[in-house]
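Numbering (this note's numbering), first residue to last: -13 to 241.
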Amino acid sequence: MAAIINTPFDFILNGGRGNDTYVWGCGSGNGTISDLAGVDTLKIDATSAEVQFAKTDDNRDLIVTLGDQRLTIKGYFTLGFIFEGSQVVDVCGAIENIAFSDGKVLHFDDIWNVVYPSPQDGGNNGDEALNGGRGDDKIIAGKGADVLSGGDGHDTFVFQTRDTGLGKNRNVITDFVSGEDLIDLGGIDANTRTAGDQAFTALLSAKKKFTAAGQLRYDAKKGILYGNTDKDAAAEFQIQLKNKPKALDLDDFVL
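Written out as structure tokens, the structure reads:
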């Protein structure tokens, strides 16, 4: 679909499931775009230096300003993020590309860094708070004791061996919902004594002790998930579920 916007009147456009292109610029009216699917592009008939970006007060929509013209992209910051640490690397559903007449193209992470100008270090070096949006997010923990919040939607929290430790060094998920969200442990070798990348095979209750590598144990009273990757009975990593779900199931995991 190509939507050519060259009217001085206000407009509302709703994109479909395909890959849509919207053209907007000098002489166009004020308008609103809602687009929830596809790989979409907004072409602006102006240079990148002439255009300003801002967010709405509720942190949901992107406002694009060209002189006295205004374009609102609905749900731009709420449709589902993929994080690596605190760095947003992709977004599900919003307009993915914004192109200008001077040849410059901005992607979601570029817009994010303009609207949220605080430094982004990729979540690789220290303790961080990583927050998703209202959509289906994938949040990839970095090094350090991170605090992960998925927000609304079906979220996936991704961990690797180096990403979560024990005690004060463990990562925290604030809002895990069993049956809706997922904890992805696919990057952790569940048995370090065996060649290859092994998957976890058992989820024990709090009262049971580890008997082999490849086992998980969940203590609902403490809200802590333990993982064993060797032959002893001690956990090699922990993940705290701050909202303390009453129970977990193997279906809550990517193993």
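C-beta: ideal position from N, C-alpha, C; glycine also.
Within a Cβ cutoff of 6 Å, which residues of the same chain sit near residue i, ignoring the five residues on either side of it in sequence?
| i | result |
| --- | --- |
| Asn45 | Phe63 |
| Leu211 | Tyr204 and Ile225 |
| Gly173 | Gln146 |
| Asp170 | Thr142, Val144 and Val240 |
| Arg56 | Asn16 |
| Asp183 | Asp175 |
| Leu48 | Ile59 and Tyr62 |
| Leu168 | Thr142 and Val240 |
| Glu166 | His140 |
| Ile84 | Leu28 and Leu92 |
Which word fits residue i, buried or exposed, when buried means at least 16 other C-beta atoms lie within 10 angstroms of its C-beta?
| i | result |
| --- | --- |
| Lys242 | With the chain covering only -13 through 241, there is no way to say anything about residue 242. |
| Thr215 | buried |
| Lys124 | buried |
| Val144 | buried |
| Lys129 | buried |
| Val158 | buried |
| Asp235 | exposed |
| Gly139 | buried |
| Glu222 | buried |
| Asp6 | buried |
| Asp107 | A caution first: Asp107 carries a pLDDT of 33, below 50, which makes its placement in the model unreliable, though a value can still be read off. Asp107 comes out exposed. |
| Gly4 | exposed |
| Tyr8 | buried |
Under a CB-based cut-off of 8 Å, is residue i close to chain B?
| i | result |
| --- | --- |
| Lys29 | Included in the structure is just one protein chain, with no chain B present. |
Would you please state the rounded distance, in angstroms, between the beta carbons of residue i and residue j? I believe it to be under 8 Å.
| i | j | result |
| --- | --- | --- |
| Thr51 | Gln38 | 5 Å |
| Ala315 | Leu241 | As displayed, the chain neither begins before -13 nor continues past 241, which places residue 315 out of reach and without an answer. |
| Leu227 | Phe162 | 5 Å |
| Asp88 | Ser14 | In fact, because the Cβ distance is near 18 Å, the residues do not count as touching under 8 Å. |
Can you grab the Cα-Cα spacing for the pair residue i / residue j, in whole Å?
| i | j | result |
| --- | --- | --- |
| Thr150 | Ser191 | 21 Å |
| Phe94 | Val25 | 12 Å |
| Ser164 | Ser20 | 31 Å |
| Asp132 | Phe196 | 26 Å |
| Ile254 | Thr142 | Nothing in the structure corresponds to residue 254, since the chain is present only between -13 and 241. |
| Lys193 | Lys207 | 11 Å |
| Ile30 | Phe86 | 5 Å |
| Lys122 | Ala233 | Here residue 122 is Asp; the residue named in the question, Lys, does not match the sequence. Going by the C-alpha atoms only, they are around 22 Å apart. |
| Leu(-1) | Ala40 | 20 Å |
| Asn177 | Leu152 | 18 Å |
| Cys12 | Ala32 | 7 Å |
| Gly136 | Thr160 | 8 Å |
| Asn249 | Trp10 | The requested residue 249 does not occur in the structure, where the chain is confined to residues -13 to 241. |
| Lys90 | Asp237 | 44 Å |
| Lys230 | Gly53 | 50 Å |
| Thr18 | Ala220 | 56 Å |
| Asp301 | Leu134 | Any property of residue 301 remains undetermined from this structure, which presents the chain solely from -13 to 241. |
| Lys36 | Gly213 | For the record, residue 36 in the displayed sequence is Glu; it is not Lys. Roughly 53 Å between the two C-alpha positions. |
Might you give, ordered along the chain, the residues of its own chain that have their beta carbon closer than 8 Å to the beta carbon of residue i, omitting 5 neighbours on each side?
| i | result |
| --- | --- |
| Glu82 | Val25, Asp26, Thr27, His93 and Phe94 |
| Arg179 | Ala199, Asp216 and Lys217 |
| Gly209 | Gln226, Leu227, Lys228, Asn229, Lys230 and Pro231 |
Leaving aside the five residues before and after residue i along the sequence, list all residues of the same chain whose C-beta is less than 7 Å from its C-beta, in chain order.
| i | result |
| --- | --- |
| Val101 | Phe39, Ala40 and Lys41 |
Which runs of the beta strand (DSSP E) spanning at least 3 residues fall entirely within the segment -4 to 64, listed in chain order?
The qualifying runs are -3 to 0, 7 to 11, 17 to 20, 27 to 31, 37 to 41, 48 to 52 and 55 to 59.
Alpha helix (DSSP H) runs wholly inside the segment 129 to 170, at least 4 long, in chain order:
If we require 4 residues or more, the segment 129 to 170 turns out to have no alpha helix (DSSP H) run fully inside it.
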